[in-house]
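The sequence shown begins at 6 in our numbering and counts up one residue at a time. The next block holds one structure in the form of structure tokens; read it before the comments.
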Amino acid sequence: DNSKCALSWPEPIFHMSTLENEPLIPAEVDEEKPAPSWNRKTSNATIGVGVLFAMGLAAIAVVQFREMINLSPLAERSAGELADVSVSFQAYNEYTAIQGFAGSSYPWVGKGMLVEPFKKSTLQATAAFLDVSKVDITWKIDDDLEFAGDSFEHIFTKVGEYEIITLAVDSSSGETISRGTDTLLCRYVRREIRKMTDDDREAYFEA
6 DNSKCALSWP
16 EPIFHMSTLE
26 NEPLIPAEVD
36 EEKPAPSWNR
46 KTSNATIGVG
56 VLFAMGLAAI
66 AVVQFREMIN
76 LSPLAERSAG
86 ELADVSVSFQ
96 AYNEYTAIQG
106 FAGSSYPWVG
116 KGMLVEPFKK
126 STLQATAAFL
136 DVSKVDITWK
146 IDDDLEFAGD
156 SFEHIFTKVG
166 EYEIITLAVD
176 SSSGETISRG
186 TDTLLCRYVR
196 REIRKMTDDD
206 REAYFEA
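Shown next as structure tokens:
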């Protein structure tokens, strides 16, 4: 009997339609496990050290700023502090405020170290961390002309170089604060006619 010889296969546990709908990788991934507690402690410690370091730098900056704006009187400063004070100067004229310092684009001309012949120039003393109006300053030009004060006016009459000596003395103690020698250049400056002052323009056309 053929019906007795037929083999009967067991019914499959999974149908093909079911397997096709199953993804190869689970659609939902387990949430990332939290980092070990020692990593958090290390991170917090690093942040804490960084904050303390930044606070330390800020405190130092505040102290230095206070020292800059609250300088002690000259008479109370040590010799080392006075040695750091250097009085210099810059020369100004009627063109400086409008056009800036003449010759400053040349590397061999210092800023404010050029004057023009037959033009009134003002030499103004400057110093870092020092009020020059509260000290006695003496000026000498080529060891010949002498002026006093934190600034003075002068008309240079010849092209060339001038040796300018500045001597700053503490008015209360008589102690020398600074002594310096600088070279001031005197040169004619070429300008466009439209950039001249009215007086210079008229003098140019009348020449």
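The C-beta atom is built at its ideal place from N, Cα and C for all residues, glycine as well. Predicted, not measured: the structure shown is a model, and the values here were computed from it.
Here PHE152 has TRP144 as same chain residues with Cβ atoms under 7 angstroms from its own Cβ, once five neighbours each way along the sequence are excluded. Counting along the chain, ASP187 sits inside the beta strand (DSSP E) bounded by residues 181–191. Taking C-beta atoms under 8 angstroms as the contact rule, PHE161 and CYS191 qualify, at a distance of about 5 angstroms.
In this structure, LEU128 sits near ALA96, with a CB-CB distance shorter than 7 angstroms. Restricted to the region 121–156, the beta strand (DSSP E) segments that are unbroken, complete and at least 3 residues in length are 125–131, 141–146 and 150–153, listed in chain order.
SER93 and ASP187 do touch by the CB rule: their CB atoms are close to 7 angstroms apart, below 8 angstroms. As a beta-bridge residue in DSSP terms, TYR167 pairs with LEU189.
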